[in-house]
Every structure is written in structure tokens, then in C-alpha cells.
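Report on one structure; see the data block that follows.
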Amino acid sequence: MDEGEFGVYYLSSDSIANSLSTRTELTNVITEIEPELINEFQSLNSTIEAFIVFPRNRIDGKMTINGERGFNHFIADTFDLTLECIRLHYSNDKSPLSAVLGTYSSFFSLFQGFKEYVDFFLLNDLVSKDYKEVQMFDEVEGVFKTSPVPRSKQSYLEYREGSMEFTKRRNLRIENWSKNGQ
């Protein structure tokens, strides 16, 4: 098998837009949300623009990116915070995902930098124009200091709105790219 110039990477899809509705720490909040709002969120989350790919192979028995971001208390499977960790990885700064991102550094080196990673995966609507900041889905108190899981109905609805808005914008970006190559 020819591995090509960049090697072979086995990838699997991972959710960008996570409703968080099955997280046990959100049970009381979710019961306050109208079921149709949860259903609408979950329905949008099952579309192509609500996914990204990460390497799926475990290296030295360590957790994959998908697994670590789901189990990490400071990320809680939220993509905005995952992308912030990736941004910090490219600038050689620490984050809750530093170890796992470092394990897969050869994958991230394919993109040469954060801008190239964002551009390749059409994540531009989640970063500032200069690529120096990640726009959070909702107001996060002290990034990486506490769990980002919403603690109230209002904060959940803000998270939901931010996540859904990004997913819709990414859908338009993917559509434009497929038609115009940009």
C-alpha cells in the first residue's frame, strides 16, 4: 500500500453541534426545555455540517481526540472549546486537550497552522477575522476553569442558539464551497 507523501490517517466523524441533552449533569435543566426545541437541535445536529473528522486510531493505548473531548470536564464535548484547544495547540500554549492533541500532532501538522486548519474544515464562522480568537457558542465563565455545561435553562438556550447558528452558517459555507470552490 502506498502511504503517499503525508502518510495514512484513519479518520472518524465527530459531532460539532452537540445538544448535550443526554449529559446527566444537565438532567434538571433539560426537563425545563420544551421537547420540540431539543428535537430541533438534535435534528440539525444530524446533518453533514454538524460533523468534523479526527484521527480514530488509538496511539499507545491513549484516548482519541473524540474520546478525550467528550470525557474532559473542561471541554464536555463542546466544539467551540475544542477549537480553542486546537488554536492553542498551534501556538504551543497549554489547554485541557494539550496531551491528546500532541499525540496526534502529525495530523495537525498537515495543515501547517490554525488558519489553514480552520480554512480547510470551513470553520471560519467560529473564529475572528484574524484567526486569533474562537467565538464561543455561549458566554463561558472562565474558559477552562469550570465545566462549560450550561447550568440554567437560559444558559442552555444561549448555548443551543450559538451552536445552531454556527451550524447553519457552516452549511451555507459548505454549499458555497461546493458550488464555487471557495
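Residue numbers for the sequence shown follow numbering that gives the first Met the number 0, so the first one is 0 and each next one is one higher. Positions of the beta carbon are idealized from the N, C-alpha and C atoms, including for glycine.
First and last residue of the uninterrupted alpha helix (DSSP H) at ASP118: 113-119
Taking the continuous beta strand (DSSP E) assigned at PRO54, which residues delimit it? Per DSSP, PRO54 belongs to the beta strand (DSSP E) from 50-54.
What are the complete alpha helix (DSSP H) segments, minimum 4 residues, inside the segment 5-93? 26-29, 34-43, 64-70, 78-89
Tell me whether ASP59 is buried or exposed, calling it buried when 16 or more other Cβ atoms sit within 10 Å of its Cβ. exposed
By Cβ distance below 6 angstroms, which residues in the same chain neighbour TYR9 in space, the five residues on each side in sequence not counted? ARG55, ASN56
Can you tell me whether ASP1 is helix, strand or coil according to DSSP? Confidence at ASP1 is low in this model, with a pLDDT of 44, below 50, so its placement is unreliable and no value can be given for it.
Tell me which residues share the same chain as HIS72 and place their Cβ nearer than 6 angstroms to its Cβ, disregarding the 5 neighbours each side in the sequence. SER146
Quick check: the Cα distance between TRP176 and LEU121, rounded to an integer number of angstroms? Their Cα atoms are separated by approximately 9 angstroms.
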